[in-house]
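Data block below; observations after.
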Amino acid sequence: MVRKTERWRHARWARIGKRRFPAFAGVLLLGTAAAAQEAALEGRAALEKWVETKRLICKERQDWRAEKALLEDRIQLVRRETQSLKESAAQASSGIGEAEQKLAEATAKINELKAATAGLAQDIVRLEAGVLTLLKQAPTPIVERVRPLSQRIPKPGTETRLGLSERFQNVIGVLNEMNKFSREITVTSEVRDQPDGAKAEVTVVYLGIARAYYCNAASGVAVIGRPGPDGWVWEPH
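Here it is as C-alpha coordinates:
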(Lines of atoms letter the chains of each structure in order from A and count residues from 1; the text may use other names and numbers.)
(Lines give C-alpha, C1' and ligand atoms only; values in the text may rest on other atoms or scores of the structure.)
Protein backbone atom coordinates (compact mmCIF):
# COMPACT_ATOMS: atom_id res chain seq x y z
CA MET A 1 0.00 0.00 0.00
CA VAL A 2 2.83 2.41 0.91
CA ARG A 3 4.62 1.73 -2.35
CA LYS A 4 1.48 2.44 -4.37
CA THR A 5 1.05 5.75 -2.54
CA GLU A 6 4.66 6.78 -3.29
CA ARG A 7 4.30 5.87 -6.97
CA TRP A 8 1.11 7.93 -7.12
CA ARG A 9 2.88 10.97 -5.61
CA HIS A 10 5.81 10.74 -8.04
CA ALA A 11 3.46 10.55 -11.01
CA ARG A 12 1.47 13.54 -9.72
CA TRP A 13 4.59 15.76 -9.36
CA ALA A 14 5.80 14.71 -12.82
CA ARG A 15 2.50 15.83 -14.38
CA ILE A 16 2.69 19.19 -12.56
CA GLY A 17 6.29 19.77 -13.73
CA LYS A 18 5.34 19.06 -17.36
CA ARG A 19 2.56 21.63 -17.22
CA ARG A 20 4.66 24.41 -15.61
CA PHE A 21 7.95 24.03 -17.44
CA PRO A 22 6.69 25.11 -20.92
CA ALA A 23 5.16 28.27 -19.44
CA PHE A 24 8.41 29.17 -17.68
CA ALA A 25 10.45 28.48 -20.80
CA GLY A 26 8.07 30.62 -22.87
CA VAL A 27 8.47 33.60 -20.56
CA LEU A 28 12.25 33.23 -20.62
CA LEU A 29 12.35 33.06 -24.43
CA LEU A 30 10.10 36.12 -24.80
CA GLY A 31 12.38 38.18 -22.52
CA THR A 32 15.50 37.07 -24.38
CA ALA A 33 13.94 37.82 -27.78
CA ALA A 34 12.89 41.32 -26.69
CA ALA A 35 16.40 42.12 -25.43
CA ALA A 36 17.97 40.78 -28.62
CA GLN A 37 15.58 42.82 -30.78
CA GLU A 38 16.39 46.00 -28.85
CA ALA A 39 20.13 45.37 -29.18
CA ALA A 40 19.74 44.69 -32.90
CA LEU A 41 17.83 47.95 -33.47
CA GLU A 42 20.39 50.02 -31.58
CA GLY A 43 23.26 48.24 -33.33
CA ARG A 44 21.65 48.90 -36.71
CA ALA A 45 21.23 52.60 -35.91
CA ALA A 46 24.86 52.86 -34.79
CA LEU A 47 26.03 51.05 -37.92
CA GLU A 48 24.00 53.36 -40.19
CA LYS A 49 25.55 56.35 -38.43
CA TRP A 50 29.05 54.98 -39.01
CA VAL A 51 28.32 54.17 -42.63
CA GLU A 52 27.34 57.80 -43.18
CA THR A 53 30.46 58.92 -41.30
CA LYS A 54 32.63 56.70 -43.45
CA ARG A 55 31.04 58.12 -46.60
CA LEU A 56 31.81 61.65 -45.46
CA ILE A 57 35.36 60.64 -44.55
CA CYS A 58 35.93 59.12 -47.99
CA LYS A 59 34.63 62.26 -49.68
CA GLU A 60 36.82 64.51 -47.50
CA ARG A 61 39.83 62.30 -48.20
CA GLN A 62 39.26 62.28 -51.96
CA ASP A 63 38.76 66.04 -52.05
CA TRP A 64 41.86 66.60 -49.95
CA ARG A 65 44.01 64.32 -52.12
CA ALA A 66 42.88 66.07 -55.28
CA GLU A 67 43.51 69.53 -53.81
CA LYS A 68 46.84 68.44 -52.34
CA ALA A 69 48.09 67.04 -55.66
CA LEU A 70 46.98 70.17 -57.50
CA LEU A 71 48.62 72.45 -54.96
CA GLU A 72 51.89 70.51 -55.02
CA ASP A 73 52.03 70.65 -58.81
CA ARG A 74 51.35 74.37 -58.85
CA ILE A 75 53.90 75.02 -56.11
CA GLN A 76 56.58 73.10 -58.01
CA LEU A 77 55.71 74.96 -61.20
CA VAL A 78 55.89 78.34 -59.50
CA ARG A 79 59.19 77.47 -57.85
CA ARG A 80 60.70 76.49 -61.19
CA GLU A 81 59.47 79.69 -62.77
CA THR A 82 60.84 81.75 -59.89
CA GLN A 83 64.24 80.05 -60.06
CA SER A 84 64.38 80.51 -63.81
CA LEU A 85 63.60 84.20 -63.46
CA LYS A 86 66.27 84.67 -60.82
CA GLU A 87 68.90 83.03 -63.02
CA SER A 88 67.89 85.13 -66.01
CA ALA A 89 68.13 88.30 -63.95
CA ALA A 90 71.62 87.39 -62.78
CA GLN A 91 72.93 86.53 -66.26
CA ALA A 92 71.69 89.55 -68.14
CA SER A 93 71.18 93.16 -67.24
CA SER A 94 68.65 93.70 -69.98
CA GLY A 95 65.03 92.85 -69.53
CA ILE A 96 65.20 93.45 -65.77
CA GLY A 97 61.83 95.14 -65.80
CA GLU A 98 60.17 92.18 -67.48
CA ALA A 99 61.84 89.74 -65.09
CA GLU A 100 60.67 91.75 -62.11
CA GLN A 101 57.15 91.72 -63.45
CA LYS A 102 57.20 87.94 -63.85
CA LEU A 103 58.74 87.57 -60.42
CA ALA A 104 55.92 89.65 -58.97
CA GLU A 105 53.40 87.43 -60.76
CA ALA A 106 55.08 84.33 -59.36
CA THR A 107 55.01 85.82 -55.87
CA ALA A 108 51.32 86.55 -56.25
CA LYS A 109 50.70 82.93 -57.23
CA ILE A 110 52.58 81.72 -54.16
CA ASN A 111 50.42 83.95 -51.98
CA GLU A 112 47.30 82.47 -53.57
CA LEU A 113 48.55 78.98 -52.81
CA LYS A 114 49.22 79.96 -49.21
CA ALA A 115 45.63 81.18 -48.92
CA ALA A 116 44.36 77.85 -50.27
CA THR A 117 46.53 76.01 -47.75
CA ALA A 118 44.97 78.07 -44.97
CA GLY A 119 41.55 76.76 -46.05
CA LEU A 120 42.80 73.18 -45.74
CA ALA A 121 44.13 74.00 -42.27
CA GLN A 122 40.65 75.06 -41.17
CA ASP A 123 39.23 71.78 -42.47
CA ILE A 124 41.71 69.64 -40.54
CA VAL A 125 41.05 71.56 -37.32
CA ARG A 126 37.35 70.78 -37.67
CA LEU A 127 38.02 67.08 -38.37
CA GLU A 128 40.43 66.79 -35.44
CA ALA A 129 37.87 68.25 -33.04
CA GLY A 130 35.24 65.79 -34.32
CA VAL A 131 37.53 62.79 -33.84
CA LEU A 132 38.41 63.79 -30.27
CA THR A 133 34.68 64.07 -29.49
CA LEU A 134 34.04 60.59 -30.92
CA LEU A 135 36.86 59.12 -28.83
CA LYS A 136 35.18 60.38 -25.64
CA GLN A 137 32.17 58.19 -26.50
CA ALA A 138 34.16 55.19 -27.74
CA PRO A 139 34.70 51.88 -25.87
CA THR A 140 37.96 51.38 -23.97
CA PRO A 141 39.43 48.74 -26.36
CA ILE A 142 39.26 50.96 -29.45
CA VAL A 143 40.51 54.00 -27.51
CA GLU A 144 43.60 52.01 -26.50
CA ARG A 145 44.03 50.65 -30.03
CA VAL A 146 44.21 54.09 -31.66
CA ARG A 147 46.13 55.84 -28.87
CA PRO A 148 49.42 56.02 -30.89
CA LEU A 149 47.52 58.07 -33.49
CA SER A 150 45.06 59.95 -31.28
CA GLN A 151 47.76 61.29 -28.95
CA ARG A 152 49.29 63.08 -31.96
CA ILE A 153 46.04 64.94 -32.69
CA PRO A 154 46.27 68.44 -31.19
CA LYS A 155 43.49 69.58 -28.90
CA PRO A 156 41.36 72.51 -30.08
CA GLY A 157 43.09 75.83 -29.49
CA THR A 158 46.62 74.39 -29.25
CA GLU A 159 49.47 74.80 -31.73
CA THR A 160 51.26 71.95 -33.50
CA ARG A 161 54.33 71.60 -35.68
CA LEU A 162 52.86 68.72 -37.67
CA GLY A 163 52.22 69.32 -41.36
CA LEU A 164 48.77 69.17 -42.90
CA SER A 165 49.48 65.85 -44.61
CA GLU A 166 50.47 64.11 -41.37
CA ARG A 167 47.51 65.57 -39.50
CA PHE A 168 45.11 64.27 -42.15
CA GLN A 169 46.74 60.83 -41.94
CA ASN A 170 46.28 60.72 -38.14
CA VAL A 171 42.58 61.60 -38.40
CA ILE A 172 41.90 59.12 -41.19
CA GLY A 173 43.81 56.39 -39.35
CA VAL A 174 41.71 56.80 -36.18
CA LEU A 175 38.42 56.86 -38.09
CA ASN A 176 39.33 53.77 -40.11
CA GLU A 177 40.10 51.80 -36.94
CA MET A 178 36.87 52.94 -35.27
CA ASN A 179 34.88 51.97 -38.34
CA LYS A 180 36.50 48.53 -38.35
CA PHE A 181 35.77 48.06 -34.62
CA SER A 182 32.11 49.00 -35.14
CA ARG A 183 31.65 45.95 -37.42
CA GLU A 184 33.30 43.45 -35.07
CA ILE A 185 32.40 41.47 -31.93
CA THR A 186 35.24 42.06 -29.47
CA VAL A 187 35.90 40.07 -26.29
CA THR A 188 38.23 41.61 -23.69
CA SER A 189 39.19 41.08 -20.05
CA GLU A 190 38.71 44.24 -17.97
CA VAL A 191 38.66 45.30 -14.32
CA ARG A 192 35.37 47.11 -13.68
CA ASP A 193 33.62 48.74 -10.74
CA GLN A 194 30.77 46.62 -9.39
CA PRO A 195 27.39 47.84 -8.07
CA ASP A 196 28.53 47.14 -4.49
CA GLY A 197 31.58 49.42 -4.90
CA ALA A 198 34.13 46.62 -5.29
CA LYS A 199 36.26 45.95 -8.37
CA ALA A 200 36.28 42.69 -10.30
CA GLU A 201 37.98 41.30 -13.39
CA VAL A 202 35.31 40.38 -15.93
CA THR A 203 35.05 39.29 -19.55
CA VAL A 204 33.33 42.00 -21.60
CA VAL A 205 31.71 41.31 -24.97
CA TYR A 206 31.42 44.40 -27.22
CA LEU A 207 28.92 44.35 -30.09
CA GLY A 208 30.69 46.95 -32.22
CA ILE A 209 30.31 50.37 -30.61
CA ALA A 210 26.61 50.03 -29.82
CA ARG A 211 26.43 47.73 -26.80
CA ALA A 212 28.55 45.64 -24.41
CA TYR A 213 27.74 42.91 -21.89
CA TYR A 214 29.43 41.18 -18.98
CA CYS A 215 28.32 39.00 -16.08
CA ASN A 216 29.96 38.75 -12.64
CA ALA A 217 29.50 35.14 -11.59
CA ALA A 218 30.49 35.90 -7.98
CA SER A 219 27.75 38.48 -7.43
CA GLY A 220 25.32 37.08 -9.99
CA VAL A 221 24.91 40.52 -11.62
CA ALA A 222 24.67 41.03 -15.40
CA VAL A 223 25.74 44.46 -16.69
CA ILE A 224 24.95 46.19 -20.00
CA GLY A 225 27.14 49.00 -21.34
CA ARG A 226 25.95 51.76 -23.69
CA PRO A 227 27.74 54.80 -25.19
CA GLY A 228 26.97 58.10 -23.45
CA PRO A 229 27.89 61.75 -24.13
CA ASP A 230 30.82 61.63 -21.66
CA GLY A 231 31.80 57.97 -22.00
CA TRP A 232 30.19 54.60 -21.61
CA VAL A 233 27.40 54.00 -19.07
CA TRP A 234 27.20 50.59 -17.35
CA GLU A 235 23.83 49.48 -15.96
CA PRO A 236 23.33 46.36 -13.80
CA HIS A 237 20.37 44.11 -14.59
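Residue 1485 is where the sequence shown starts when you use the numbering used here, and the numbers rise one by one after that. The C-beta atom is built at its ideal place from N, Cα and C for all residues, glycine as well.
- If you keep only unbroken alpha helix (DSSP H) runs of at least 4 residues inside the stretch 1619-1686, you get 1624-1629, 1631-1634, 1648-1666.
- Look at Ile-1708 here: in three-state DSSP terms it is strand.
- Counting along the chain, Pro-1713 sits inside no beta strand (DSSP E), nor does DSSP assign it H or E at all.
- The residues Leu-1555, Arg-1558, Ile-1559, Val-1562, in chain order, have a CB closer than 8 Å to that of Leu-1597 in the same chain once the five nearest residues on each side in sequence are set aside.
- Counting the other CB atoms within 10 Å of its CB gives Asn-1595 a total below 16, which places it among the exposed residues.
- Per the DSSP secondary-structure output, Leu-1691 pairs in a beta bridge with Ile-1669, Arg-1695.
- By the Cβ-count criterion, Val-1535 is exposed, with fewer than 16 other Cβ atoms from all chains shown falling within 10 Å of its own Cβ.
- Under the 10 Å beta carbon count, Ala-1622 is surrounded by 16 or more other beta carbons and is classified as buried.
- Note: Glu-1719 is bridge-paired with Ile-1708 in the DSSP secondary-structure output.
- The straight-line gap separating the alpha-carbon atoms of Glu-1612 and Gln-1546 is approximately 17 Å.
- Taking 8 Å as the cut-off, the Cβ atoms of Gly-1692 and Leu-1540 do not count as close.
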